[in-house]
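Those sequence lines, one after another, are chains X and R. In terms of the numbering used here, the first sequence has 84 at position 84, counting the first letter as 1, and numbering is strictly consecutive. In terms of the numbering used here, the second sequence has 209 at position 209, counting the first letter as 1, and numbering is strictly consecutive.
There are 2 protein chains.
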Amino acid sequence: MKINGQHYRSVWTVGDDAFGIIDQTRLPHEFVTLTLHSAEEAAHAIRSMQTRGAPLIGAVGAYGLALSVREDASDDAINKALEMLAETRPTAINLKWALWRMRGALLNQPHGRRVALAWAEAGKIADEDVAMSEAIGFNGLKIIEGIAEQKPGQTVNILTHCNAGWLATVDYGTALAPIYMAHDAGIPLHVWVDETRPRNQGASLTAFELGSHGVAHTILADNAGGHYMQQGQVDMVIVGTDRVTANGDVANKIGTYLKALAAKDNNVPFYVALPSSTIDWTLADGRDIPIEERSPDEVLKMQGRLADGSVTVVDIAAPGSGAANPGFDVTPARLVTGFITERGICAATSEGLRSLFPK
Amino acid sequence: MKINGQHYRSVWTVGDDAFGIIDQTRLPHEFVTLTLHSAEEAAHAIRSMQTRGAPLIGAVGAYGLALSVREDASDDAINKALEMLAETRPTAINLKWALWRMRGALLNQPHGRRVALAWAEAGKIADEDVAMSEAIGFNGLKIIEGIAEQKPGQTVNILTHCNAGWLATVDYGTALAPIYMAHDAGIPLHVWVDETRPRNQGASLTAFELGSHGVAHTILADNAGGHYMQQGQVDMVIVGTDRVTANGDVANKIGTYLKALAAKDNNVPFYVALPSSTIDWTLADGRDIPIEERSPDEVLKMQGRLADGSVTVVDIAAPGSGAANPGFDVTPARLVTGFITERGICAATSEGLRSLFPK
């Protein structure tokens, strides 16, 4: 994707011993990049959400692990780095998937080759993520085309929650990839962007992405999406996900479940876009997905720009009141119209998932 | 209710030609009162939400109309002032109800008596609101007692959205009145407080009220309530309302509908507390309730305290992105377990409402 005319991925190599990311905690107020030189720096960037988005933290974790191999290529060191990186975010499965893939690519190899192999494998994970996002875009585009055909000449209204765009992947995005492709194909589109409290990834990241790409969009308080569905102003919902269980339950940013309920209540198709690295075949259903509890400060404080352009944090709640801050919720498969994956579209059922991913 | 040991109502007379309100746009950061001297000042206070809450703006509108009578007691002037005040907020019906009641009490009376009559009638509206809130509290208390009996020794968890406390009425509140009474009766209680974006009435006003009264509570992003219902952490939901139609549909703060869907999906009782002045018998169902569209700035900006205690406003969204801001949504009667009114509890149906309010 392009920022001010320059092409960016969300993660890139810097020589062969460092890699770069966009500091997403500074967006949309400032565009700042960071160069990370170690697994510890990568872990910090993931934990503090300088880099985030289920597919992206898989690639960042892989690069982090690759850097740890430069310091110590032993099995023990690899296992330790893996554990440290895996613990940074508990809910998204892509991180663990990428780290285990790295481990598998390294442990049976001669120590002398591990540095080069690790760097190459991390690069492959990143490149494959781009290819998967692109394929998700093409597959989701067909659904949008189908809706556009039902209302010729009219705008297709799509609601999304949180950020599952190119900032959440290595490029293109999951939920936003079909939207970018539909926009580029000339389909008249408008996106309702859920603000996505408490971290405001919708108002800050998704709105920033859509604005940069020229896609018409409107920010909504998270409370408002149900109302627009009742009013017939939403043709479909597309969200990303941090983990899909074998039966099709979907962990995603807190609040996704509420929008899925409203979509069901108003017969609005509700799609979840994901690369297959997001599927956790080891969990039968969503009850066992660990839900990350984050800092109350994310609810009690808010970052923003003052009139002079400087960025600050304000306290917004009643002094003395506490907050709870679950990062994710689980949307039951029964509320999901379908999955948009790199291999095609399927029902949100075990059979649906197995039809695309048999093994 | 008491603030720092001093008893306050949300509206009070100042001599016989002015009245006071708490400037709710300054809470929870500062406690500031305002004295209003004219219908125009009252209209401004309602429009800018310095004073808000469906029952409270009824009383404030009544006092505003009473002040207009001091300037011109003619039928024409009364009708004009009524129209100006009624237009300030379109969704809540209590304001119109109070203004029409004032009009009815004045138009057939001699001009010379109208000033005194208007002031007395506004006072009656305010006093009756207090009595209704108190009765709602007693009636709702029975429901909470019933839940407490089902889980002896355990905390009853109640979720509420927006602010329907004493700051939204003249005293006690609607949704919060049963909570205060249950707390005072020694029932162990904990309240999940929806932040209620975009104006944050939950995090600012409800949390402030509950904290002042010593009721245990936790602020949640509006996205999180469904998750806690799925986890069995919510025993009941109580909200207020701005208008109930003859069939039991409920207009309330944007986002109420989403919480009602989640309550239904998890078999959590969902109650709406209201004085009968909130019932609009002229509307068959919720489709015809006008939904106020408020400024996008409420979504794009946020007020808060800086570290030095000063209050400021920050821009939180991507520069150049717009927002939509519907103030209310309509929860269909089918999602409502029951109404808690000053006359008792009833089903959210025409028959239920008519059983308590026959005429």
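For glycine and all other residues, C-beta sits at the position ideal for the given N, C-alpha and C. For clarity, every value in this text was computed on a predicted model and none was experimentally measured.
Residue-level contact check: X:S10 does not touch chain R, since none of the beta carbons of chain R fall below 8 Å from its beta carbon. In the structure shown, the three-state DSSP call for X:H190 is strand.
Nearest CB-CB separation between X:F208 and chain R: below the 8 Å threshold.
Between X:V250 and chain R, the shortest Cβ-Cβ separation is not below 8 Å. Ranked by how close their Cα comes to the Cα of X:P198, the residues R:I219, R:L189, R:P178, R:L65 have R:I219 in first place.
Excluding sequence positions up to five before and after R:M181, its CB lies within less than 7 Å of the CB of G137, F138, L141, all in the same chain and listed in chain order. Rounded to the nearest angstrom, the gap between the Cα atoms of R:N163 and X:V336 is 33 Å. Under the 8 Å criterion on CB atoms, R:S295 is classed as non-interfacial with respect to chain X.
Exposure of R:A307 is indicated by the presence of fewer than 16 other C-beta atoms within 10 angstroms of its C-beta.
Runs of beta strand (DSSP E) with 3 or more residues, each lying fully within the segment 24-85 of chain R, are found at 33-36, listed in chain order. Here R:E292 is not near R:T13, since their CB atoms are 8 Å or more apart.
Taken residue by residue, none of the segment 150-165 of chain R has a beta-carbon sitting less than 7 Å from a beta-carbon on chain X. Contact of X:T91 with chain R is not assigned, every C-beta pair being separated by 8 Å or more. Straight across, the Cα-Cα distance linking X:T169 with X:R47 is about 16 Å. Under the three-state reduction of DSSP output, R:V130 falls in the helix class. If you draw a straight line from the Cα of X:P290 to the Cα of X:D17, it comes to about 33 Å. Of R:G226, R:L67, R:F357, the smallest CA-CA separation from X:T256 is found for R:G226.
Not a single CB atom of chain R sits nearer than 8 Å to the CB of X:G20. What X:G232 touches in chain R, judged by beta-carbon distance under 9 Å, is nothing: the nearest beta carbon there is about 12 Å away.
Contact annotation: R:L274 and R:G248 have beta-carbon atoms that are not nearer than 8 Å. As a beta-bridge residue in DSSP terms, X:D280 pairs with X:T245.
Under a 10 Å Cβ-count criterion, X:W100 is classified as exposed, with fewer than 16 other Cβ atoms of the shown protein chains found around its own Cβ. In this structure, the straight-line span from the alpha carbon of X:N223 to that of R:K253 is close to 9 Å. Contact check for R:L34 against R:A42 fails: the beta carbons are separated by 8 Å or more. If the five residues before and after R:Y172 are omitted, its C-beta is found closer than 6 Å to the C-beta atoms of S133, E134, G137, W166, all from its own chain and listed in chain order.
Taking the CA atoms as reference points, X:N267 sits about 10 Å from X:A260.
Distances from the CA of X:K301 to each of X:D315, X:N157, X:A131, X:R294 were compared; the closest alpha carbon is that of X:D315. Spatial neighbours of R:T245 in its own chain (CB-CB distance under 6 Å, excluding positions within 5 residues in sequence) are listed in chain order as D280, L283, D285, G286. Counting only Cβ-Cβ distances below 9 Å, R:V299 has contacts in chain X at E195, A203, I219, L220, A221, A224, in chain order.
By the CB criterion at 8 Å, X:L159 and X:V272 fall outside the cutoff. Going by C-alpha positions, R:G64 is about 20 Å away from R:P110.
Our two residues, X:K359 and X:A122, have alpha carbons roughly 24 Å apart in a direct line.
Beta-bridge partners assigned by DSSP to R:M236: R:I158.
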